[in-house]
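Asks:
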Amino acid sequence: MSESLLKTGRGSPPRNLPPPAQPPRLCSFQVVPGTGLGSIEVSWQRPRVPHHGIPCSNNGDMIIDCPTPFGGSAPASDGGDGIFEYELEWRESSSDASHAKRKSTSGFHAVLTNLVVGKFYSVRVLARNSQGSGSFSEPVLVEARGD
């Protein structure tokens, strides 16, 4: 490492950075074939970041809250500010990301319609607050069925 970097402190991040203010990645996210022809239903729970700044885990169905810290304060927040919107992204599994479609919503459930029956779609979602957008969830692959 160069001597100038050692003197100025550049080259290593400060250790006292606050946790990110954007929402974390969604933990609980479910995508299933819809009840209508060529539809997919998507649902999720809001992400949580407890007092220690590490997102809570989940058990597949719901978020598992961390133990309440000493003193009984609430362990969860939405990052730096309240979440006001979620963004869904979906595309046919055989197409590249440039063909993805997006939809914004303020709720915890959405139905994607007018999809091609029998095609598989890759679906993912992110949370957004006034500080910015969180990371997309891991994509889930699901078939748009016609029953």
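For any residue, its number in this note's numbering is found by taking its place in the sequence shown, counting from 1, and adding 1041. Even for Gly, the Cβ is constructed at its ideal location relative to N, Cα and C.
Whose C-alpha, out of Pro-1074, Pro-1088, Trp-1131, is nearest the C-alpha of Arg-1169?
Replies: Position 128 of the sequence shown, counted from the start, is the residue given in the question as residue 1169. Of the candidates Pro-1074, Pro-1088, Trp-1131, the one whose C-alpha sits nearest the C-alpha of Arg-1169 is Pro-1088.
Asks: Along the beta strand (DSSP E) that carries Val-1152, what are the first and last residues, could you check?
Replies: Numbered from its first residue, the sequence shown carries residue 1152 at position 111. Taken as a continuous stretch (DSSP letters only), the beta strand (DSSP E) holding Val-1152 covers 1150–1153.
Asks: Once the 5 residues before and after Ser-1147 are set aside, which same chain residues still bring their CB inside 6 Å of it?
Replies: Position 106 of the sequence shown, counting from 1, holds the residue named residue 1147. Excluding positions up to five away in sequence, the list reads Glu-1126.
Asks: Going by the DSSP bridge assignment, what does Ser-1145 pair with across the sheet?
Replies: Position 104 of the sequence shown, counted from the start, is the residue given in the question as residue 1145. Answer is Glu-1128.
Asks: With DSSP run on the structure shown, which of helix, strand or coil describes Pro-1116?
Replies: If you number the sequence shown from 1, residue 1116 lands on position 75. Model confidence at Pro-1116 stands at a pLDDT of 45, short of 50, so the residue's coordinates are unreliable; what they give is reported in the following sentence. In the structure shown, Pro-1116 sits in coil (DSSP, three-state: anything other than H, G, I, E or B).
Asks: What three-state label does DSSP hand Ala-1185 in the structure shown?
Replies: Taking the first residue of the sequence shown as 1, we reach residue 1185 at position 144. Three-state DSSP puts Ala-1185 in coil, outside helix and strand.
Asks: Measure the C-alpha to C-alpha separation of Gly-1123 and Val-1166 and round it to an integer number of angstroms.
Replies: On the sequence shown, position 82 is the one that residue 1123 refers to. On the sequence shown, position 125 is the one that residue 1166 refers to. If I take the Cα positions, the gap works out to 17 Å.
Asks: Can the beta-carbon of Ala-1151 be found closer than 7 Å to that of Val-1073?
Replies: If you number the sequence shown from 1, residue 1151 lands on position 110. If you number the sequence shown from 1, residue 1073 lands on position 32. Contact flag unset, no.
Asks: Among all the DSSP beta bridges, which residues are the ones paired with Phe-1070?
Replies: Against the sequence shown, residue 1070 aligns to sequence position 29. Answer is Trp-1085.
Asks: Closer than 7 Å by C-beta to Arg-1136: which residues in its own chain qualify, once you throw out the five before and the five after it? Chain order, please.
Replies: Here residue 1136 refers to the residue found at position 95 when the sequence shown is read from its first residue. Here residue 1136 turns out to be Ser, not Arg, going by the sequence shown. For Ser-1136, where only same-chain residues beyond five positions count, there are no Cβ hits under 7 Å.
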